[in-house]
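Numbering of the sequence shown is given in the numbering used here, commencing with residue 311 and proceeding in unit increments.
Report on the structure given below.
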Amino acid sequence: MKHKFVEYMPKIIEDNILYISIEFKVAKHRCPCGCGDIIVTSIDPNRWKLTYDGETVSLSPSIGNWTHKCKSHYFIKNDSIKWARKISDDDIDSVINRDISALKSSPKKSSLSRKIKKWFEQ
Ligand SMILES: [Zn+2]
């Protein structure tokens, strides 16, 4: 992936280019999975941090396109895409399991939480 510093975002976002507007604190690129969705990342201390080493750019944290169909998850590091694990049903399960363990450690154990616990331990 290449990067391009621009003032205004171009109308046409080309594949494989990360457009960065420092003026407007935003970066745009097309999802590298090939789905063609345009991914917008705000350059903001609370959102994404852009680092430029004079040659390549990196964005952190990772970019997770949960709201897009492909649900791609990757890092942009030194102008290249580093794929991260996709969100899957397993992840959803692990979220549920986290909730279950939170339920387990909850001091107010209701019979309902015991029932759910039992159900998940089968
Ligand atoms: Zn995609």
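Think of the CB as a built atom: it goes at the ideal place given N, C-alpha and C, for glycine as much as any other residue.
Model, not experiment: these values are computed from the prediction.
Below 8 Å on the Cβ atoms is my guess for residue i versus residue j; work out the distance and round it to an integer in Å.
i, j, result
"K396", "H383", "6 Å"
For residue i, does the count of other Cβ atoms within 10 angstroms reach 16, so buried, or fall short, so exposed?
i, result
"H358", "A small correction: the amino acid at residue 358 is Trp; His does not occupy that position in the sequence shown. Classification for W358: buried."
"R408", "exposed"
"I332", "exposed"
"P342", "buried"
"A412", "exposed"
Could you pull out every residue in the same chain whose Cβ sits closer than 7 Å to the Cβ of residue i, ignoring the five residues on either side in sequence?
i, result
"D389", "M311, K312, H313, T366 and V367"
"E317", "S331 and E333"
Please list, in chain order, all residues of the same chain as residue i whose beta carbon is under 6 Å from its beta carbon, the five residues on each side excluded.
i, result
"I327", "K312 and K314"
When the Cα of residue i is compared with those of the options, which residue comes out closest?
i, options, result
"I348", "A394, K414 and K379", "K379"
"N375", "V336, C345, L360 and K335", "C345"
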